[in-house]
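First comes the structure, then the notes that go with it.
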Amino acid sequence: MSAGLFVFAPGFFDNEAVHVALAVGTAVAIVTAVVGVFTVMRGQSFAGESLGDIGTTGGAAASLLGVGPLAGFVAIDVLAAAAMELVGVQRVRGRDLATGVVLGAAIGLAALFLYLDTTQGSGNGSTVTILFGSIFAISSATIPAVVALAALSVALIAILYRPLLLATVSPEIAAARGIPVRLVGALYLLTLALATALAAITIGTILSTALLIGPAAAALRLTTRPLRAMLVATAIGIAAVWVGVVLAYDSYHWPPQEHGWPVSFFVVALIFLGYLASGLVKWRQEREA
């Protein structure tokens, strides 16, 4: 048996679901890396986690209406981000308060929608898909929407980069220089909402924060330069998704056969290992310094 067949199970390169998973996963890894670096730098990981959980409401509502989960994730996360902005995000304490209030209300609705999904018999396993993702089940028709939303988020970050960076490092100095800090923060929240929604269709609402925060946090351990951190985070994210897809596909041939492991498990596990590895690299660099 060749090394290629040992790594890639038969049919891997001809499988359309694999092609879709790799395309979607790559686009999502890029946008979550770019947005994630600012999320970590701004100390808004809780907001990212909350938007991921809030996405459950949108996914469950989409299932009830019989539409694709991406539309539900995007709609509810954008509305939640707007609600957070309206409640107040000027200060760290205000951001956490706003996030907690919106999260509590959304989780209550999620519980109702998931209950209706179950009792009306329309769920068809949608609850597990919403919470933990199913990248192999994504339709190829979804790729243009994913790429468009990812491109929009990255473009917004590129346009906002300098004022957003200054507002992140020192909001007071940014305001003194005439930068509309509140508007910049609101637009950043929009990119965060889109990135979280895209992560949710990849590895589920509960685990979406791993893809958003993990690669970025690891990258910022290795470099303090935001642009370089985005490149490193992108490499970590893409590697985790691609290797995760390979392992998940191969797992259908592991005992017991025909009961593959979820992609989300492998992606999250690989991101966690990457974060630990970044800590070891940083430790070695500090020892050698």
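One point on numbering: in my numbering, the residue at position 4 of the sequence shown is -4, and numbering is uninterrupted.
Cβ coordinates follow ideal geometry from the N, Cα and C atoms, glycine included.
* **DSSP state of Thr160 mapped onto helix, strand, coil** => Locating residue 160 in the sequence shown gives position 168, counting from the first residue. DSSP places Thr160 in helix when its eight states are reduced to three.
* By Cβ distance below 7 angstroms, which residues in the same chain neighbour Gly60 in space, the five residues on each side in sequence not counted? -> As a first step, residue 60 is located in the sequence shown; it is residue number 68 there, counting from the start. Annotation for Gly60: Ala54, Thr134 place their beta carbon closer than 7 angstroms to its own, counting only its chain and skipping 5 residues before and after.
* Asked: Skipping 5 residues on each side, what residues in its chain have a beta carbon closer than 6 angstroms to that of Leu101?
  -> If you number the sequence shown from 1, residue 101 lands on position 109. Closer than 6 angstroms at Cβ, skipping near neighbours: Thr49.
* To do: Report the rounded CA-to-CA distance for Ala240 versus Leu108, giving the unit in angstroms.
  => As a working note, residue 240 is residue 248 in the sequence shown. As a working note, residue 108 is residue 116 in the sequence shown. Straight-line Cα distance between these residues: approximately 31 angstroms.
* To do: State the start and end residues of the unbroken alpha helix (DSSP H) segment that holds Arg288.
  => Since the first residue of the chain shown is -7 and the last is 281, residue 288 is not available in this structure.
* Asked: CA-CA distance, Ile22 and Ala168?
  -> As a first step, residue 22 is located in the sequence shown; it is residue number 30 there, counting from the start. As a first step, residue 168 is located in the sequence shown; it is residue number 176 there, counting from the start. Cα to Cα, the separation comes out at about 33 angstroms.
* To do: Within 10 angstroms of the Cβ of Leu95, are there 16 or more other Cβ atoms? Answer buried if so, exposed if not.
  => Start at 1 with the first residue of the sequence shown, and residue 95 comes out as number 103. Answer is buried; the Cβ neighbour count reaches 16.
* Between Asn7 and Leu182, what straight-line distance do the alpha-carbon atoms span, to the nearest angstrom? -> Working through the sequence shown from its first residue, we reach residue 7 at position 15. Working through the sequence shown from its first residue, we reach residue 182 at position 190. The straight-line gap from Cα to Cα measures roughly 34 angstroms.
* To do: Sort Thr24, Leu190, Ala225 by Cα distance to Ile122 and report the nearest one.
  => As a first step, residue 122 is located in the sequence shown; it is residue number 130 there, counting from the start. Looking at the Cα atoms, Leu190 is the closest of the given residues.
* To do: Give the DSSP-derived three-state secondary structure of Arg34 in the structure shown.
  => By one-based count along the sequence shown, residue 34 stands at place 42. Note: Arg34 maps to coil in three-state DSSP.
* To do: State the start and end residues of the unbroken alpha helix (DSSP H) segment that holds Gly266.
  => Translated into the one-based positions of the sequence shown, residue 266 becomes position 274. In the DSSP assignment, Gly266 falls within the alpha helix (DSSP H) that extends over 255 to 280.
* Asked: Thr188 by DSSP, collapsed to three states: which one?
  -> By one-based count along the sequence shown, residue 188 stands at place 196. Here Thr188 sits in helix by DSSP.
* **Nearest-angstrom Cα separation, counted from Thr194 out to Ala1** => In the sequence shown, counting from the first residue as 1, residue 1 sits at position 9. In the sequence shown, counting from the first residue as 1, residue 194 sits at position 202. Distance between the alpha carbons of Ala1 and Thr194 is about 22 angstroms.
* Assuming Leu210 and Ser200 make a contact with CB atoms under 8 angstroms, what is their CB distance in whole Å? -> Taking the first residue of the sequence shown as position 1, residue 210 is located at position 218. Taking the first residue of the sequence shown as position 1, residue 200 is located at position 208. This sequence places Ala at residue 210; Leu is not what is there. Incorrect: roughly 17 angstroms between the Cβ atoms, too far for contact.
* Using DSSP with H/G/I as helix, E/B as strand and the rest coil, what is Phe128? -> Mapped onto the sequence shown, residue 128 falls at position 136. Helix, per DSSP.
* **Own chain residues within Cβ distance below 8 angstroms of Phe124, not counting five before or after** => Sequence index remark: in the sequence shown, residue 124 carries index 132 (1-based). The answer, listed in chain order, is Ile195, Gly196, Ile198, Leu199, Pro254, Ser256.
* To do: Look at the alpha carbon of Glu278 and the alpha carbon of Ala137, and state the distance between them as a whole number of angstroms.
  => In the sequence shown, counting from the first residue as 1, residue 278 sits at position 286. In the sequence shown, counting from the first residue as 1, residue 137 sits at position 145. Using only the alpha carbons, I get a separation of about 43 angstroms.
* Asked: How long is the line joining the alpha carbons of Val235 and Met76, rounded to whole angstroms?
  -> Within the sequence shown, numbered from 1, the residue matching residue 235 stands at position 243. Within the sequence shown, numbered from 1, the residue matching residue 76 stands at position 84. If I take the Cα positions, the gap works out to 35 angstroms.
* Identify whether Trp246 lies in helix, strand or coil by the three-state DSSP scheme. => Residue mapping note: residue 246 aligns to position 254 of the sequence shown, counting from 1. Here Trp246 sits in coil by DSSP.
* Would you call the CB atoms of Ile228 and Gly271 closer than 8 angstroms? -> One-based indexing of the sequence shown puts residue 228 at position 236. One-based indexing of the sequence shown puts residue 271 at position 279. Not in contact: Ile228 and Gly271 (Cβ atoms no closer than 8 angstroms).
* Taking buried to mean at least 16 other C-beta atoms within 10 Å of its own C-beta, is Gly58 buried or exposed? -> Taking the sequence shown and counting its residues from 1, the one referred to as residue 58 is at position 66. Gly58 is classed as exposed because its beta carbon has fewer than 16 other beta carbons within 10 Å across all chains shown.
* Residues near Arg34 in its chain [Cβ-Cβ closer than 6 angstroms; skip 5 each side] -> To locate residue 34, count along the sequence shown from 1; it is residue 42. Same-chain partners within the cutoff: Thr160.
* **Secondary structure of Pro2, DSSP reduced to three states** => The sequence position of residue 2 within the sequence shown is 10, counting from 1. The answer is coil: DSSP assigns Pro2 none of H, G, I, E or B.
* **Straight-line Cα distance separating Arg213 from Arg220** => Indexing the sequence shown from 1 puts residue 220 at position 228. Indexing the sequence shown from 1 puts residue 213 at position 221. Cα to Cα, Arg220 sits roughly 11 angstroms from Arg213.
* Beta-carbon proximity check, Thr91 vs Leu184, cutoff 8 angstroms -> In the sequence shown, counting from the first residue as 1, residue 91 sits at position 99. In the sequence shown, counting from the first residue as 1, residue 184 sits at position 192. No, they are not a contact pair.
* In terms of alpha-carbon separation, which member of Ala25, Phe4, Ala9 lies closest to Thr226? -> Sequence index remark: in the sequence shown, residue 226 carries index 234 (1-based). Minimum Cα distance to Thr226 is reached at Ala25.
* To do: Give a yes or no on whether the C-beta atoms belonging to Leu43 and Ala72 are separated by under 8 angstroms.
  => Reading the sequence shown from its first residue, position 51 is the one you call residue 43. Reading the sequence shown from its first residue, position 80 is the one you call residue 72. The answer is yes: Cβ separation under 8 angstroms.
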